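Colleague:
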Amino acid sequence: MSARYVELRARSAFSFADGVLTPEALASAAAEREYPALALVDRAELGGLVRFAREAERLGVRPIVGAELLVDGYPLAVLARTQEGYRNLAGLISEARLSSPRGHPSLPVSSLLRRAAGLHLLTGSPTGLLSTLVRQEREIEARRTLAAWKEAFEGRVAVEVQLHCVSHTERLLAEELIRLAGHLGVPWVATNEPRYLNDSGRLLHDLFTALRAGTDIVSATRRGLLLPNGEWRLKSSAEMAAAFRDKEAGLEESVRIADECAFELQWLRPPLPRFPAGPGQTEDGLLRELVHAGGRERWGKIGSRETAQIDHELSVIQRVGFAGFFLQMWDAVRFARSRGITCQGRGSAANSTVAFCLGITAVDPVRENLLFERFLSEARTDGLTEAPDIDVDFEMHRREEVLDYVYRRHGREKAALTGMTETFHAPSAVQDLMRVLGYPAEAALRLSKRLHGRTPSEGAEIIQKELAQSTGFNLTEPRARVLLSALRTMDGLPRMRATHPGGFVLSSGLLGDYLPIEPTTMGRTILQFDKDDLDEIGVPKFDFLGLGGLTAVRLAFDAIQLRTGKPLDLYRLPQDDPETYAMIARGDTLGTFQIESRAQIASLVQTRPERLYDLVVQVALIRPGPIQARFVHPYTRRRRGLEPVTYAHPALEAILERTCGIPIFQEQAMRISMVLGGYTAAESDELRRAMGSERKLPRLLAALQALRSRMVGRGVPADTAEKIVEDLRSFSNYGFPESHAWSFALIAYATAWLKANHPAEFLLGLLNAWPMGFYSPATLVHDARRGGVEVRPPCLKVGEWDCTLEETRNSRTPAVRIGWRHIRGLGEKARERLRQAHAAGPFGSIEEVVRRARLNRDEALHLARAGALEVFEPGRRAAAWEALRVVGDTFPLAPSRTLPFRPQELEGHERIFLDYLATGISVDGHPIQHLRARLQSCGVLGTAELAHAVDGERVLVAGLVVVRQRPATGKGTVFLLLEDENGFVNVIVPPKLYEENRETVKFSPFLLVEGRFERNGAVLNVTGWRFRRLNAPAPVAITHNFH
Amino acid sequence: MSYVCLWSPRWPTAAAPLADLAVLLLSEAPRISVDVRGLVWADARGLPAPRTAVALCRRVQELQEGVDVRAGVATVPVAAEVAARSSESSLTVLEPGYERAFLAPHPLDLLTPDPHLLNLLRGVGIQTCGALSELPREAVEVRFGAAGSALWRLARADDRRLLFRPVPPERPSAAFEFPDYSLAEAGRLLFPANALLESVCTGLRKRGATARTLLLELGLEGGGAIRERVGIGVPTAERRLWLPRVRARLDTLALPDRVSGIRLFAEETGTAGARQGDFFDPGFASAAAVEEALSRIFDSQEAAFVQPRGEPHPLPEARTSWVPLEPRDVVEPARREKGAAALRLHLLPEPQPLPVRVEVRGGTLHPRAFREKGRWHELPASAGPDRLSGGHAVGAPYAREYFRCQTGDGRLVWLYRDARTDTWHLQGWWA
């Protein structure tokens, strides 16, 4: 049966709040309605295109691409008919986005007419220009407009007619448009502009409409903002035929236009950037030259193994045409190094000897026997598969310099950052919907903060079954029913587009003509596609990431050099420092890179690393993949010699020897497939790529089944093959590449070395690089103080914006002065004024500080509150009064010179809590200190006393909750890290008890726990039975929650 | 002129549990009140306050064995309260005039201020009543708002709160007893009733009040009483208007026993107002009277003048809202729009349900005839349906199919089918 209708104006949720269907749902609905094709036409947007096209093709629906554009203030739609048309479409969207205020893309008609080639124009909905002219009875102008469009588009125009059973006027308008089209010999086409599928979708669309208008649903209804009926749904051909009875020509025209529109995902792939190689030189030649030069620098003399590997890699790179790609990355790294910015390649790029020789990565793949095919294999560049990524970490605070360089080097029209599509999660969905439904913000917050990490539909279930009762949320209200109903339809819907941390896409052509570009609020430009989309269509990304760990290391190195004159290099640290490994084995790794978490510390004290490769394993071991596969405990037991190292097959010994017979790295999985399954490198990489994420599970299962068959076919016993496949299955949740672990282990070791040998500089680096890492500055400071570092409060006389080192009586151990940057409430402007004023000379009094830095009343008070002015006026309150006086506070309470009373000075615990409030850091003690006497009288043990507790004993512990974790691998168990004045204690909250004590455990800043003490080697845990909130003044935001 | 404040650390911080105790303490002081913060107040004004306080403490200890109750006596409530709550001794009596000095060294939290305000004050180093009271009032008011100002007054022993509810004024009443005889006929009660009426009405007029209901209470010789209410349409304090009504009631009253006394209460009273008249009566509607009448209308009804405003609400009956107008704007007559349609849509105040016969036209159900006032009207032509649905998100869902129909006699009517109930309604017509 030939199709009678094709919808040419389908809108997805990528029209952000003007559509409620995911691209996949739209394609699926089209297939259900037996559409042969469907056009995705979002508002100046192609973000849903890759997902839509993939799913539509899978379901046998031909995807058509288009977009609705606002031209001279009126909406119309264009569809791509050819590759040239697609480029014009993408280019028009980019132009509209880049030339208009953010969020309001529009174009002049001249731009549209200039780029009409390959496009088919639909004249727009009843709010479009043509309809408006007809409605206003300006027929001559309407004819002139349509004629101009017809000429510019060379006849590829259709007058769009919509019938939504809205009013008699709509029918009259339709008649007039059809008459006008007939008069000018232009075909007319029926469209319905669907935004949803059914009533529940419409309900959500109504709520989104109110959200978009920034109002609530009652006002939106009263103001007539909502669509008047449910006719804007994706209708079947039969429904459209009924609506357009006696007007079949419009339906037939939709099919004809659809037949003429083509689309291929390959059109999205921009040409790779070229690197200016110099006269008479090719990119491949230049790359070879640079690699050999770099190799000589790395190794001195390039050996035969190295030469063979380099030749192999260069030949692959030449065949797949990626020489320019490597050169671009080399160029960025060269720029960074020239500016003294520490950087290091991470991820699979560290498998490449070429990248190593170019200085992009730091690990020698030849020496460490890393697999190049994990990074790049020829099978992957067929045009539609995943492209290789080179991820390079730069110092967090200086990454912007590199991004600016890339923009300068390539031009803004050829470079853009990758976008990230943020979908609705339960908290954001609840907040948005409850606002629209007119709930008070407090009520929304009460629910949303208890739905962390949940999808909207899970949120609806939790609200209905648990939260409604516990929070007093009235489920019988109509709007509550609406809320739950809407939440259940919001899973996976995009909410907004964000900027990827550093993924650049570069092109030798105009990038916006391939992948639409839009501006960000930060002045950057981003693509409308996210990382997965780009991977899907084979667009290579250049990831320039910011890493706080590198910044911390750099700052610490600089501080050491300043104090000792001794320069340090990340890669030239002594790799066998016994002090460092002893510290790591004690689990004293708080603040170090990657090995500082509660789980890492617990593992470190068991495995007791002794060399760098142990850290490589450690970095990869405490990950979801190995944890879920239950590899951690077997590895630990084998590492400690408590269990013999065995191999499922003799051939595995060579592959798994370094990891005690346990597969931990992706490269090991690839080698297993190559050795036991006889896979080629490219095939093994296909298997590895199926291990990318949970989303690819079906693909992984199929790949593993194939591997199992291959292994059995090559004589591996069936049960052995089964066991190996079962082990590899665990990688579906992301196992680490060994190369990546190497890169991180180098930084982990550097931070550990710094902590063991230069604790003050280490703390300085961490505090000046903050925010980063796992712990708050307060916890880092307490840890450093316990380690003997003297920490001094912020001071306007001797301190600076950043933390600084100061001499102590012991010339080898400097003190750390907290920088002004940690004083809360000081913004960028205050920072700049303080910096300039301080640069002109040291401050001598509060008056000087306030006057020279032109501080306002609040800024001055923030400084006083933090104790930064105490050096001039003893007592924070007295300093605050003096600051007020100088500010010239016009209120009469500001004293002239003397106070009518002497402000009472802060007592010990008051200072501590004020420190937390003002800076988040207390150098005077720990907030739990002043509760100690009371706690002791109740039999509560401190962490120091806990070391003497007996395994299995009932204990009471109390502390400040510094970390809460509910990892996916924990099956509902919650792990807390309590801190007191002497150290930390792990608290394990079993799932059932967590559910019973959720409010207390989740929201108490200070916690009293009764439970069973457990000692596992050097690891001290308390498994909690009972939990009570400790009543103490709550410090502000010092807990890190990871759920 | 002193207040006694009683406090015990063992008392709950709530009023309800102390309410019973308060009743029992009335034996020692004429007025007792309970504070929500768990304080008991006794009004010792005009009494020997220290002795009253001692008596109250003793009484409390009798009623609640072993309770450690403390009393503060002062002419200013807040001083009495702080004395009770801060002192270690069971009785603290403050000399009049020294209340501020007494409060000065005490911490501010004894005044139970708002915790946020207390934190703010602590943040600038103000922790005692004395420190706060030293500051200029304007400064405190500017910085800490009304709450700060109130606390400043308390810190200065300036406490104006009313601890005891004012006693409502007694309603006018008058009584007459027959000590030597009794009356068997109700009609003979008219004479004393008239005298009592005069007394009650005089009392009402003195208060500037009127009565809507009087309560007539007849004491019976054998015990008990008969109570009869006498009402009047317009509240008044005029004896001559009340007398016929009292007489009429006495005439119809059947006495079960002989009457030994009579009493008259003004039961429902109100404020005496201006005479009610006809607003459009030329004799009555003087300029002053009109102004007064309008003022009363504005006062009681707020928006006396309104004009319609169209809104794009999807439901026709919800498209009009009434916007209040200032009286000065009313003199401007509404302007007619130029080029308005010859036919105007007239909406019924509420859509009117009616029976409709239907037929299928072009694959859609159309109305063929409707019945109004017992008569069927044929609909030879109809256009539609125009669909209108929504309201789910606000808990008032609707789904309608509208048809513009022409009746056999040429009228244009607007019908709709409620798709949720499958009923038909007339929304309006064009004329």
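Read top to bottom, the protein sequences are chains A and B.
One gets the working numbering by counting positions in the first sequence from 1 and adding 100 to each.
One gets the working numbering by counting positions in the second sequence from 1 and adding 7 to each.
For each residue, glycine too, the CB sits at the ideal point set by N, CA and C.
These numbers were taken from a predicted model, which means no experiment stands behind them.
Select from A:G1052, A:D1051, A:A878 and A:Q1029 the residue whose C-alpha is nearest the C-alpha of A:G1042.
Modeller: It is A:Q1029.
Colleague: The alpha helix (DSSP H) with A:L647 in it runs from where to where?
Modeller: No alpha helix (DSSP H) contains A:L647, which is instead part of the beta strand (DSSP E) from F642 to L647.
Colleague: With a threshold of 8 Å between beta-carbons, can B:A400 be considered close to chain A, or not?
Modeller: yes
Colleague: Name, please, each residue of chain B whose Cβ falls closer than 7 Å to the Cβ of A:H220.
Modeller: Ordered by position in chain B, no residue passes the 7 Å Cβ test against A:H220, which lies about 30 Å from the chain.
Colleague: Do A:L1152 and A:L284 have their CB atoms nearer than 8 Å?
Modeller: Only positions 101 to 1143 of chain A appear in the structure, and residue 1152 of chain A is not among them; the question remains open.
Colleague: Under 8 Å between C-beta atoms, does A:T227 make it to chain B?
Modeller: no
Colleague: Got a sec: is the Cβ-Cβ distance from A:H268 to anything in chain B below 8 Å?
Modeller: yes
Colleague: Quick check: the Cα distance between B:S34 and B:R178, rounded to an integer number of angstroms?
Modeller: Per the coordinates, the alpha-carbon of B:S34 lies some 26 Å from the alpha-carbon of B:R178.
Colleague: Less than 8 Å between the beta carbons of A:A432 and A:Y505, yes or no?
Modeller: yes
Colleague: What is the rounded straight-line gap between the Cα of A:W920 and the Cα of A:D902?
Modeller: 6 Å
Colleague: What is the rounded straight-line gap between the Cα of B:T209 and the Cα of B:A244?
Modeller: 8 Å
Colleague: Residue range of the beta strand (DSSP E) that B:Q413 falls in?
Modeller: Y405 to Q413
Colleague: Report the neighbours of A:V582 on chain B: residues whose CB is nearer than 9 Å to its CB, in chain order.
Modeller: For a Cβ distance threshold of 9 Å, residue set H399, A400, V401 and G402 of chain B lies close to A:V582, ordered along the chain.
Colleague: Starting from A:G403 and walking both ways along the alpha helix (DSSP H), at which residues does that stretch end?
Modeller: Where A:G403 is concerned, there is no enclosing alpha helix (DSSP H), given that its DSSP letter is neither H nor E.
Colleague: For the structure I just gave you, are there three or more beta carbon pairs, one from the segment 1017 to 1024 of chain A and one from the segment 863 to 878 of chain A, closer than 8 Å?
Modeller: The count of Cβ pairs closer than 8 Å, one atom from the segment 1017 to 1024 of chain A and one from the segment 863 to 878 of chain A, reaches three, so the stretches are in contact.
Colleague: Where A:T461 and A:F426 are concerned, what is the direct C-alpha to C-alpha distance, given to the nearest angstrom?
Modeller: The alpha-carbon atoms of A:T461 and A:F426 are separated by roughly 12 Å.
Colleague: Kindly list the residues whose CB is nearer than 7 Å to the CB of B:A81, restricted to its own chain and excluding five residues on each side of it in sequence; keep chain order.
Modeller: S9, Y10, A87, A90, L101 and E106
Colleague: What residue from A:S300, A:I490 and A:A848 has the CA that sits closest to A:L587's CA?
Modeller: A:S300
Colleague: At least one CB of chain B closer than 8 Å to the CB of A:A177: is that the case?
Modeller: no
Colleague: In chain order, what residues of the same chain have a beta carbon less than 8 Å from the beta carbon of A:F1075, not counting five sequence neighbours either side?
Modeller: Non-local beta-carbon contacts of A:F1075 in its own chain, meaning distances under 8 Å to residues more than five positions away in sequence, involve R698, A699, V1063, R1064, Q1065, R1066, P1067, N1086, V1087, I1088 and V1089 in chain order.
Colleague: Look at A:P837 and A:E767 and say whether their C-beta atoms are less than 8 Å apart.
Modeller: yes
Colleague: Is A:L593 helix, strand or coil by DSSP?
Modeller: coil
Colleague: Based on DSSP bridge pairs, tell me the residues matched to A:M520.
Modeller: A:A598
Colleague: State the DSSP-derived secondary structure class of A:L140, mapped to helix, strand or coil.
Modeller: strand
Colleague: Would you be able to state if there are at least three C-beta pairs under 8 Å between the segment 555 to 569 of chain A and the segment 492 to 511 of chain A?
Modeller: no
Colleague: Taking 8 Å as the CB-CB limit, is A:P376 close to chain B?
Modeller: Closer than 8 Å: no.
Colleague: If you compare alpha carbons, which of A:E577, A:T227 and A:G553 is closest to A:G538?
Modeller: A:E577
Colleague: Hey, which unbroken runs of the beta strand (DSSP E) at 3 residues or more fall wholly within the segment 54 to 90 of chain B?
Modeller: 77 to 81
Colleague: Using only alpha-carbon positions, find the residue among B:D166, B:G73, B:A62 and B:S15 that is nearest to B:E95.
Modeller: B:S15
Colleague: Who are the near neighbours of A:R814 in its chain, counting only those whose CB is closer than 6 Å to its CB and skipping five residues on each side?
Modeller: G778
Colleague: Excluding the five sequence neighbours on either side, which residues of its own chain have a C-beta within less than 6 Å of the C-beta of A:E473, listed in chain order?
Modeller: A781 and D785
Colleague: Would you call B:P112 buried or exposed, if buried means 16 or more other Cβ atoms sit within 10 Å of its Cβ?
Modeller: exposed
Colleague: Mind listing the chain D neighbours of A:R323? Cutoff is C-beta to C-beta under 9 Å, in chain order.
Modeller: Of the protein chains in this structure, namely A and B, none is chain D.
Colleague: Any beta-carbon of chain B closer than 8 Å to the one on A:D958?
Modeller: no
Colleague: Would you mind reading off the limits of the beta strand (DSSP E) that contains A:F1113?
Modeller: F1106 to N1116
Colleague: How far does the alpha helix (DSSP H) with A:S206 in it reach, from first residue to last?
Modeller: Note, A:S206: premise wrong, no alpha helix (DSSP H); not H, not E.
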